[in-house]
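A.B. asks: The structure's right below; bear with me while I get my questions together.
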Amino acid sequence: MKSKWKDTPLLHKIVTIVSILTSLSVFVLAVLQMFDIWNQAINICVPLMGIIMLCQAYIQWNTSRKVAYFSIGTAIFVFICAIVVFFVK
4 MKSKWKDTPL LHKIVTIVSI LTSLSVFVLA VLQMFDIWNQ AINICVPLMG IIMLCQAYIQ
64 WNTSRKVAYF SIGTAIFVFI CAIVVFFVK
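Set out below in structure tokens:
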């Protein structure tokens, strides 16, 4: 069942907007990295993908717990990889 935007709680709206803005930022940073405009953009892009996964986990928590748990696990994996890559470089 779909709910209307005006009927959703404020925190859900905020998380949705943060997720959209973060997704756009990841896209822009990926384009900057691909065209060698900014060589270190991937160092910011990867943790932002973890934030997107956490936002998705929050959004999916009430409708599908399995998807939410998978998103949390993926976010943890992304953050661990980002930390390891940060300290290896």
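Each number in my numbering comes from the position in the sequence shown (counting from 1) with 3 added on. Think of the CB as a built atom: it goes at the ideal place given N, C-alpha and C, for glycine as much as any other residue. Since the structure is predicted, the reported quantities are computational estimates derived from the model, not experimental observations.
Can you say whether glutamine 59 is buried or exposed, counting buried as having 16 or more other CB atoms within 10 angstroms of its CB?
C.D. replies: Sequence index remark: in the sequence shown, residue 59 carries index 56 (1-based). Counting Cβ neighbours within 10 Å, glutamine 59 comes out buried, since at least 16 surround it.
A.B. asks: Can you list, in chain order, the residues of its chain whose CB lies under 8 Å from that of methionine 52, leaving out five sequence neighbours each side?
C.D. replies: As a working note, residue 52 is residue 49 in the sequence shown. Only Val29 and Val81 meet the Cβ criterion.
A.B. asks: Thinking C-alpha only, which one of Ile20, Ile45 and Val21 is nearest valine 31?
C.D. replies: Here residue 31 refers to the residue found at position 28 of the sequence shown. The candidate whose alpha carbon is nearest that of valine 31 is Ile45.
A.B. asks: Cβ of threonine 77 within 8 Å of Cβ of methionine 56?
C.D. replies: Against the sequence shown, residue 77 aligns to sequence position 74. Against the sequence shown, residue 56 aligns to sequence position 53. Cβ atoms of threonine 77 and methionine 56: closer than 8 Å.
A.B. asks: Along the alpha helix (DSSP H) that carries lysine 69, what are the first and last residues, could you check?
C.D. replies: Against the sequence shown, residue 69 aligns to sequence position 66. That run of the alpha helix (DSSP H) goes 68 to 91.
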